[in-house]
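Heads up: the structure comes next, in structure tokens.
Residue numbers (UniProt numbering): 1 to 609.
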């Protein structure tokens, strides 16, 4: 039997998480839990990923379903499925009914977007969910008329035994017993012995009988047949026009549809516009309803969510029964055989580690902090333990004393103190707590202890647990400002914004003023040296000794060109008058044009004003 080298040992088979190749055990690459032949050919995946075709994926492809951490093919004719025996959607032209794909919906159901949906209770067969969507009634005691089931046919109709429905009387009849026999006539018409309603005098088809004038008169030009002179008294219309409430119009207006006889009929009451009489034939919906397939509904049905932008009902992810959006992370409840993981908003077929499946609520609930896997929330329901805990007498117990954790799995590993927020822990830091102090509760999703809002004496702005709720777990209360503090915060923010606006405005004003002013000119003057006996050469000598310049930088002074007036040593230029008086040039500062007249020399002979 071959053996494989693994960490200095020869094994008959490689351990979990390793694959055998060339007599050695190689480690599987993430996210493979187990693999074969190489590091990327997965045999199983780390939770919550799913195995499909030796690859780990966050969710199965269309036509596959998740089972025991792997994706399996749906049954034939299923486009989507929950498990092997329950379809979620069918391949057209099949229709989904009770998890199966059928060629035709059974009695009492109608088809909508390849799904069989239940008829109204008053309908045996239907075209939609409303009571006026019937196409067949429950029994022979009812008669069908305009999509409704009546015990007695309404006025203007008669019962047709062959179809078990109410039919409209002839236009000339007020009431009738058949399509050709009137029981009473419309106004101005007379009944013949054969049961027909006719005008008292024979008139042409486009004429009506004027009872007062006892003569035939022409119909309005818009009417083909009529019962009076007005354009609102038409019985039928010329070609190209449509009959709408006894008037002839060019086209049926919004809220009406055209039948095969060029008559305009009102849409179903749930539709804004439509192409037929049933509630499943809506084109646009009123503002108080949402479009779901061809229905206008007040609330989206299970498996759909409201898109408030388009005002339509759109499909949830295939695993969601109710949802907030189309993503697999937006579920509110799950379809059969799936469990809601609240922390991620996902519906999963198998709850991940640290969670167990609650069949009553169809959710994944957190195990006790001591448990790695479990069958329930109690500490006696662990099946495996978290790191640094051991299964002893049906319980997971810490290896270290209370308030300490084991640094590593090694036998001689030492125990160190838990974070001060934890009473007991399984590792370093505040996110490894397994037990909390008296006035705190465990926020199990993060393994940390959070102080109680009431007992901890915290400021309202700090995160805390609502410990008044009867729960072993922390019900987290988000930080919140009280009303008085919130008002002060708003006022302070407003004041800061006003101050900032003022500072910016002032800065901009000063900057623009400075740009608008002319550039100042450096004005200079000459100062008579105190000792006229000092020569120019002696002044230069003393000056350079005081400034410690190197000898090779000492040059003979002379008047500069105008371009050099701004150099730093301009104030050192010396001027000698004709009488031998020596003056040193200096700067008065940055003077404006108005200040030039104030310049004067120290010697009276050079002053001017």
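Even for Gly, the Cβ is constructed at its ideal location relative to N, Cα and C.
From 211, 180, 206, residue whose alpha carbon lies closest to that of residue 196: 180
Could you tell me the boundaries of the beta strand (DSSP E) in which residue 100 lies? 100 to 102
Quick one, are the C-beta atoms of residue 464 and residue 449 less than 8 Å apart? no
Which of helix, strand or coil does DSSP assign to residue 698? For residue 698 there is no data in the structure shown, the boundaries of the chain being 1 and 609.
Among 362, 473, 354, 35, which has the Cα closest to the Cα of residue 55? 35
Delimiting residues of the beta strand (DSSP E) encompassing residue 50: 50 to 52
Nonlocal neighbours in the same chain, by C-beta distance under 7 Å from residue 314, ignoring five residues either side: 304, 305, 307, 326
Use the C-beta contact count for residue 552: other C-beta atoms within 10 angstroms, 16 or more gives buried, fewer gives exposed. For residue 552, the pLDDT reaches just 42, beneath the cut-off of 50, and the residue's location in the model is therefore unreliable, although a value from the coordinates is still provided. So residue 552 counts as exposed.
Measuring only the C-alpha atoms, how far is residue 298 from residue 270? 9 Å
Count the other CB atoms, across all protein chains shown, that sit within 10 Å of the CB of residue 309; report buried if there are 16 or more and exposed otherwise. exposed
On the criterion of 16 or more Cβ atoms from any shown chain inside 10 Å, does residue 437 qualify as buried, or is it exposed? exposed
Taking just the CA atoms, how far does residue 96 sit from residue 102? 6 Å
Considering only residues of the same chain and omitting the five flanking positions on each side of residue 291, which have a CB-CB separation below 6 Å? 285, 312
Using a Cβ-Cβ cutoff of less than 8 Å, which residues in the same chain neighbour residue 135 once the five nearest sequence positions on both sides are dropped? 123, 125, 126, 127, 144, 147
Can you give me the C-alpha to C-alpha distance between residue 379 and residue 389, rounded to a whole angstrom? 12 Å
Reference residue 166, options 351, 173, 31, 152, closest by Cα: 152
Apart from the five residues just before and just after residue 349, which ones in its own chain have a Cβ nearer than 7 Å to its Cβ? 66, 67, 337, 338
Let's see if you can read the secondary structure: which residues bound the beta strand (DSSP E) around residue 305? 304 to 307
Nonlocal neighbours in the same chain, by C-beta distance under 7 Å from residue 81, ignoring five residues either side: 65, 74, 75, 87, 88
Opening and closing residue of the beta strand (DSSP E) in which residue 266 lies: 264 to 266
Under 8 Å: do the stretch 366 to 378 and the stretch 344 to 358 share three or more Cβ pairs, one atom per stretch? yes
Here's a check: name, in chain order, each residue in its chain whose Cβ is nearer than 7 Å to the Cβ of residue 425, leaving out the five neighbours to either side. 405, 418, 419, 432, 433, 434
In chain order, what residues of the same chain have a beta carbon less than 8 Å from the beta carbon of residue 21, not counting five sequence neighbours either side? 37, 38
Give the secondary structure of residue 512 by DSSP, where H, G and I count as helix, E and B as strand, and everything else as coil. helix
heavy atom of the ligand SAM below 7 Å from residue 327 C-beta: As for the ligand SAM, it is missing from this structure, which has no ligand bound.
In whole angstroms, give me the CA-to-CA distance for residue 407 and residue 377. 27 Å
Which listed residue (228, 45, 255) has its alpha carbon closest to that of residue 216: 228
If distances are taken between C-alpha atoms only, which option among 141, 116, 149 comes closest to residue 610? It is not possible to answer for residue 610, since the shown part of the chain is limited to 1 through 609.
Let's see if you can read the secondary structure: which residues bound the beta strand (DSSP E) around residue 24? 24 to 27
The beta strand (DSSP E) that contains residue 237, what's its start and end? Taken as a continuous stretch (DSSP letters only), residue 237 belongs to no beta strand (DSSP E), as it is neither H nor E.
How would you write the range of the beta strand (DSSP E) that residue 218 sits in, first residue to last? 215 to 218
What is the DSSP secondary structure of residue 392, reduced to helix, strand or coil? strand
Reducing DSSP to helix, strand and coil, say where residue 570 ends up. Residue confidence is low: residue 570 scores 47 on pLDDT, short of 50, so the model does not pin down where it sits. Its coordinate-derived value is still stated next. In this structure, residue 570 counts as helix in the three-state DSSP scheme.
Would you check if the distance between the CB atom of residue 415 and the CB atom of residue 400 is smaller than 8 Å? yes
Excluding the 5 residues flanking residue 238 on each side, which residues of the same chain have their C-beta closer than 6 Å to its C-beta? 224
Consult DSSP for residue 122 and reduce its assignment to one of helix, strand or coil. coil
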